[in-house]
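**Q**
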Amino acid sequence: MTTHPTTVDTGAPVVVRVETTVHAPLATVWGLHTDIAAWAEWNTDVERVEYAGPLAPGTAFRWLTHGLDITSTVHQVVPGERIVWGGPAHGIDGVHVWTFQETAPGTVTVRTEESWGGAPVEARRTEMEQVLRQSLDAWLAALKARAEAAAGASASASAERH
Numbered sequence: 007m008t009t010h011p012t013t014v015d016t017g018a019p020v021v022v023r024v025e026t027t028v029h030a031p032l033a034t035v036w037g038l039h040t041d042i043a044a045w046a047e048w049n050t051d052v053e054r055v056e057y058a059g060p061l062a063p064g065t066a067f068r069w070l071t072h073g074l075d076i077t078s079t080v081h082q083v084v085p086g087e088r089i090v091w092g093g094p095a096h097g098i099d100g101v102h103v104w105t106f107q108e109t110a111p112g113t114v115t116v117r118t119e120e121s122w123g124g125a126p127v128e129a130r131r132t133e134m135e136q137v138l139r140q141s142l143d144a145w146l147a148a149l150k151a152r153a154e155a156a157a158g159a160s161a162s163a164s165a166e167r168h
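Going by our numbering, the residue at position 162 of the sequence shown is 168; the numbering climbs one at a time, nothing skipped.
1. Give me the DSSP bridge partner(s) of Ser121.
2. What is the residue span of the beta strand (DSSP E) that Val55 lies within?
3. Can you tell me the Cα-Cα spacing of Ala95 and Pro31, whole angstroms?
4. Can you tell me whether Trp145 is buried or exposed? The criterion is at least 16 other CB atoms within 10 Å of its CB, across all chains shown.
5. What whole-angstrom Cβ distance do Arg139 and Val24 have, given they're in contact under 8 Å?
6. Give the straight-line distance between the Cα atoms of Asp51 and Thr71, rounded to the nearest whole angstrom.
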């Protein structure tokens, strides 16, 4: 693996790709997702995050999810479009790619793909793939719910002012 990969490892034992459509402005969705320090406020699978920024390649952050203490490093940031992070954790070498595409005004397609390699994954490939898929589905659902709620609140506040 290169120092700062910008794509998943397609040769890894586990690669999961999922997507969802979010009915909220791109700025809202991107802002929520890239406010790494606030993940635990809206994603119940994230117990805590230690992140001092900046949102740039080489920046590391530490987070606790599903009882696993993980240190990830940001590999790529294309504002409003793409963020990639990854790193080793508990014998698993992961790369996580997120892309954001405005498909209509106030509508964003969020795609995420993650690769896992390493001995624990090779030993329990099917189980690890299921765990990762469930985690990514839950993350997308939480992001969608929070972004759409925020967009709804903004729309309501705007309507009340006019």
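Idealized CB from N, CA, C, for every residue including glycine. Here the structure is a predicted model, which is why all the values come from computation and not from measurement.
**A** The structure says:
1. Val21 and Val101
2. Val52 to Glu56
3. 33 Å
4. buried
5. 7 Å
6. Straight through space, the alpha carbons of Thr71 and Asp51 are spaced by roughly 6 Å.
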